[in-house]
Amino acid sequence: MKLYDYELSGNCYKVRLLLHLLRVPCDKVAVDFHPGRQHKSEWFLNEVNPLGQLPVLEDDGQLLRDAQAILVYLASRYDSSGQWYPQDARARGEIQIWLAMADELTRTASAARLHDALGYTQFDIQACRAGARAALRVLDDHLAQRQALGHTWLVGAAPTIADIACFPYAALANEGGISLDAFPALRQWLWSFRSQPDFIGMAGIMAVHLHTAEASA
Ligand SMILES: N[C@@H](CCC(=O)N[C@@H](CS)C(=O)NCC(=O)O)C(=O)O
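For the sequence shown, our numbering gives the first residue as 1035, with consecutive numbering after it.
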């Protein structure tokens, strides 16, 4: 298995995270997204992804693009526990809502981050930030209702690919100039997500490893 990957991409990170959680070994093909723009090269457009986007997964000779599609594929194929993409029509319908939301976060919060961090000045930064805040408001309202009922995750009793898909660009929103101060339920969820025992982070997203006094002594 091969992942066409860029270290600083939140969309690539979601895939790396699920691969890690499922203990699926995968070779990484580093694509020079910035400053090389290798994802727009003839090679990449012709042989990897005509949309010129990362991530792309290659497994058993099949090329899969789109982070959310890859999460569905990996969980369906490699998660024998069924936790990450449960076999339940209602849960799957709800998960799909948040997979679509993850793409909305890519169009808004991720674009704002590319603008601020990598100088992608072609984006309308005010529109990106406004769109991101609207998406984060929907997430925060949903999570506030869930938390009031004693739930932690977006769907069901355990984390699913819905949480993985929405997590990175919510966690990195500040890198696009978007404060999370107005989204307390979302911040609580980010903390819970980062506190999972098998969690791995990326640049800008740290794991929370809670140590007892005994463990760290
Ligand atoms: N819907 C796609 C969007 C992927 C995406 O926008 N990836 C970024 C990197 S994080 C990219 O390749 N951007 C280049 C472009 O859109 O031209 C997904 O979820 O994978």
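Quick reminder that beta carbons are idealized off the backbone N, C-alpha and C, glycines included.
List the endpoints of the continuous beta strand (DSSP E) containing residue i.
i	result
Q1096	1096–1099
E1092	1090–1093
L1037	1036–1039
K1074	Taken as a continuous stretch (DSSP letters only), K1074 belongs to no beta strand (DSSP E), as it is neither H nor E.
V1049	Run containing V1049: none in the beta strand (DSSP E); it sits in the alpha helix (DSSP H), 1044–1055.
From what residue to what residue does the alpha helix (DSSP H) around residue i run?
i	result
V1082	Element bounds for V1082: n/a, residue is neither H nor E.
A1123	1123–1139
V1063	No alpha helix (DSSP H) holds V1063; the beta strand (DSSP E) holding it covers 1061–1064.
So, at 7 Å on beta carbons, what are the nonlocal neighbours of residue i in its own chain, with the 5 sequence-adjacent residues on each side left out?
i	result
H1073	V1065, F1067, G1086, Q1087, L1088
T1155	H1149
By a C-beta neighbour count over all protein chains shown, 10 Å radius and 16 as the cutoff for buried, is residue i buried or exposed?
i	result
G1184	exposed
E1081	exposed
A1249	Caution is warranted here: a pLDDT of 49 is assigned to A1249, below 50, making its placement in the model unreliable, and the coordinate value is therefore given only provisionally. Exposed, since its Cβ has fewer than 16 Cβ neighbours within 10 Å.
E1076	exposed
A1216	exposed
G1210	buried
V1242	exposed
L1197	In the sequence on display, residue 1197 carries Asp and not Leu. Under this definition D1197 is a buried residue.
L1079	exposed
Q1102	buried
Tell me which residues share the same chain as residue i and place their Cβ nearer than 6 Å to its Cβ, disregarding the 5 neighbours each side in the sequence.
i	result
T1186	S1226
A1192	Q1117
Indicate, with yes or no, if ligand 1 has a heavy atom lying under 7 Å from the CB of residue i.
i	result
R1088	In the sequence as displayed, the identity of residue 1088 is Leu instead of Arg. Yes, the beta carbon of L1088 sits closer than 7 Å to at least one heavy atom of ligand 1.
N1045	yes
A1101	yes
G1137	It should be noted that the sequence gives Asp, not Gly, for residue 1137. D1137: yes, Cβ under 7 Å from ligand 1.
T1140	yes
H1054	no
Q1115	The question names Gln, but residue 1115 is Ser in the sequence shown. Because no heavy atom of ligand 1 lies under 7 Å away, the Cβ of S1115 does not count as near it: no.
A1144	For the sequence presented, residue 1144 should be read as Ser rather than Ala. Checking every heavy atom of ligand 1 against the Cβ of S1144, one is found closer than 7 Å.
Under 8 Å by Cβ, that's how I've got residue i and residue j pegged, so tell me the actual separation to the nearest angstrom.
i	j	result
L1052	A1109	7 Å
I1129	T1194	6 Å
A1219	Q1181	5 Å
C1060	L1139	That pair is no contact at about 24 Å.
K1048	P1231	Between P1231 and K1048 the Cβ distance is about 18 Å, and since that is not below 8 Å, they are no contact.
L1224	A1204	6 Å
For residue i, collect the residues of the same chain with a Cβ closer than 8 Å to its Cβ; drop the 5 residues on either side in sequence, then sort them by chain order.
i	result
I1212	A1143, A1146, R1163, A1166, R1167, L1170
V1063	K1036, L1037, Y1038, D1039
V1172	M1135
N1083	Y1038, H1073, V1090, L1097, R1099
Return yes when at least one heavy atom of ligand 2 lies under 7 Å from the C-beta of residue i, else no.
i	result
H1073	Ligand 2 is not part of the structure shown, which contains ligand 1 as its ligands.
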